[in-house]
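Enquirer: Questions regarding the structure given below will be posed in turn.
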Amino acid sequence: MPEEVKKLRINYKTLEEFKKFKEYGAQELSMLEDLQDNIVEDDLDSPFYGIYFGDKLAARMSLYKREARFDQYFNPPQDYLELWKLEVLPEFQGKRYGEKLVNYAKSFNMPIKTNPRLNSRPFFEKMGFQNVKYDVDRDLGENPLVWYPAGVTEQKNNNE
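For the sequence shown, the UniProt record's numbering begins at 1 and goes up steadily by one.
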């Protein structure tokens, strides 16, 4: 059976799986603190998604839904997804797990915003993400990439 994206339960088993990522990933990619802050035993209403290889969590991401009233990126303004902390364990890299996670996020057919690490920027660009015109007030030092589903374009800021 091919590996598929699954919504991760917030439980202590998942917490143990996340500890494996922290050993390999950059500190800012660790979801461990998020999980500890949100833990309710076996809660299925989590922002965490992953791909298991056998019984081992091989790849994960956070996917947060943002309300239209906070949208400063998409035209027309609408609810959108924010993709955070996409990471694949080193021994599972090159197996397209990152692509599977991003395609899963795209399957919601909502605009997506992400703030990639420098070395992951080419991956997101290959997946169809685009730069937005930098806005110092909106982006606060971030350099976000966005993905537009059909019918959605970049929101123009008030200074244009």
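Glycine is no exception: its CB is placed at the ideal position from the N, C-alpha and C atoms.
1. Below 7 angstroms CB to CB, which residues in the same chain sit around Ala105 once its five sequence neighbours on both sides are set aside?
2. Between Phe70, Val132, Glu87, Ala68, which lies nearest to Tyr49 when the distance is taken from Cα to Cα?
3. Are the beta-carbon atoms of Phe123 and Leu145 separated by less than 8 angstroms?
4. Counting C-beta neighbours from all protein chains within 10 Å, is the total for Thr14 16 or more, i.e. buried, or is it exposed?
5. Assuming Gln155 and Pro77 are in contact, meaning their beta carbons sit under 8 angstroms apart, how far apart are those beta carbons, in whole angstroms?
6. When you compare only the Cα positions, how much space is there between residue 226 and Glu67?
7. Where do the N-terminal and C-terminal ends of the beta strand (DSSP E) with Glu88 fall, by residue?
8. Near Pro47, which residues of its chain fall below 7 angstroms by C-beta distance, leaving aside the five closest residues on each side in sequence?
9. Quick one: using the 10 Å Cβ neighbour count with 16 as the cut-off for buried, is Leu8 buried or exposed?
10. From Phe108 to Tyr52, what does the alpha carbon distance come to, in whole angstroms?
11. For a test of the three-state rule: what should DSSP assign to Val152, helix, strand or coil?
12. Just the Cα atoms here: how many angstroms apart are Glu160 and Phe70?
Expert: So, from the listed chains and residues:
1. Leu63, Leu81, Leu83, Ile112
2. Glu87
3. no
4. buried
5. 7 angstroms
6. Only positions 1 to 160 of the chain appear in the structure, and residue 226 is not among them; the question remains open.
7. This sequence places Val at residue 88; Glu is not what is there. First-last of the beta strand (DSSP E) with Val88: 80–88.
8. Ser62, Leu63, Tyr64
9. buried
10. 21 angstroms
11. coil
12. Because the pLDDT at Glu160 is just 47, under 50, the model does not fix this residue reliably, and the value given afterwards should be weighed accordingly. One C-alpha to the other measures close to 20 angstroms.
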